[in-house]
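J.:
Residue numbers (our numbering): 1 to 116.
1) Report the three-state DSSP secondary structure of residue 84 (helix, strand or coil).
2) Taking DSSP as the reference, what is the three-state secondary structure of residue 25?
3) Assuming residue 51 is part of the alpha helix (DSSP H), what are its boundary residues?
4) Quick one: what's got a C-beta closer than 6 Å to residue 62's C-beta in the same chain, skipping five residues either side?
5) Buried or exposed, going by whether 16 or more other CB atoms sit within 10 Å of the CB of residue 93?
6) Indicate whether at least one CB of chain D lies closer than 7 Å to the CB of residue 64.
7) Beta carbon of residue 65, beta carbon of residue 99: below 7 Å?
8) If residue 82 sits next to residue 68, beta carbons under 8 Å apart, how far is it from one beta carbon to the other, in whole angstroms?
9) Comparing alpha-carbon positions, which option in 116, 58, 70, 79 lies nearest residue 97?
10) Using a threshold of 7 Å, state whether the C-beta atoms of residue 71 and residue 77 are closer than that.
Right, here's the structure in full:
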């Protein structure tokens, strides 16, 4: 088995930060100009697509953990270390996702409470 749960989450975080930097550079080079259709086609994936991709990875880790746990409970495997490792990977990825959700909700609340 491969220990990639935290590495996957960190890779998604880095991808988001890189896209944020690219968007800021684009906005700085073209102030007050909206993206036209050709720019949208070549732009980086949207925040929603990035989040969906990250959530799909977390879900896949949860499913792998469920399969490994059920296999151990049925006696099909005796490698408890692998099962515990997969449970920890799923747990860490879920906790990281939960923290991202909390930050997004906090940012949303801050934006909604701003005076216009």
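In this text, a Cβ means the ideal position worked out from N, Cα and C, and glycines have one as well.
T.: So, to answer that:
1) Position 84 of the chain shown, counting from 1, holds the residue named residue 84. DSSP places residue 84 in helix when its eight states are reduced to three.
2) As a first step, residue 25 is located in the chain shown; it is residue number 25 there, counting from the start. The answer is helix: DSSP assigns residue 25 an H, G or I state.
3) Position 51 of the chain shown, counting from 1, holds the residue named residue 51. Note, residue 51: alpha helix (DSSP H), 47-74.
4) Position 62 of the chain shown, counted from the first residue, corresponds to residue 62. The residues are 90.
5) As a position in the chain shown, residue 93 is number 93, starting the count at 1. With 16 or more other Cβ atoms within 10 Å, it is buried.
6) Absent from the structure: chain D. Only one protein chain is present.
7) Taking the first residue of the chain shown as 1, we reach residue 65 at position 65. Taking the first residue of the chain shown as 1, we reach residue 99 at position 99. The answer is no: Cβ separation not under 7 Å.
8) As a working mapping, residue 82 is identified with position 82 in the chain shown. As a working mapping, residue 68 is identified with position 68 in the chain shown. With a Cβ gap of about 7 Å, residue 82 and residue 68 count as contacting.
9) To locate residue 97, count along the chain shown from 1; it is residue 97. When only C-alpha atoms are compared, the closest one is 58.
10) Mapped onto the chain shown, residue 71 falls at position 71. Mapped onto the chain shown, residue 77 falls at position 77. A contact, by the Cβ cut-off of 7 Å.
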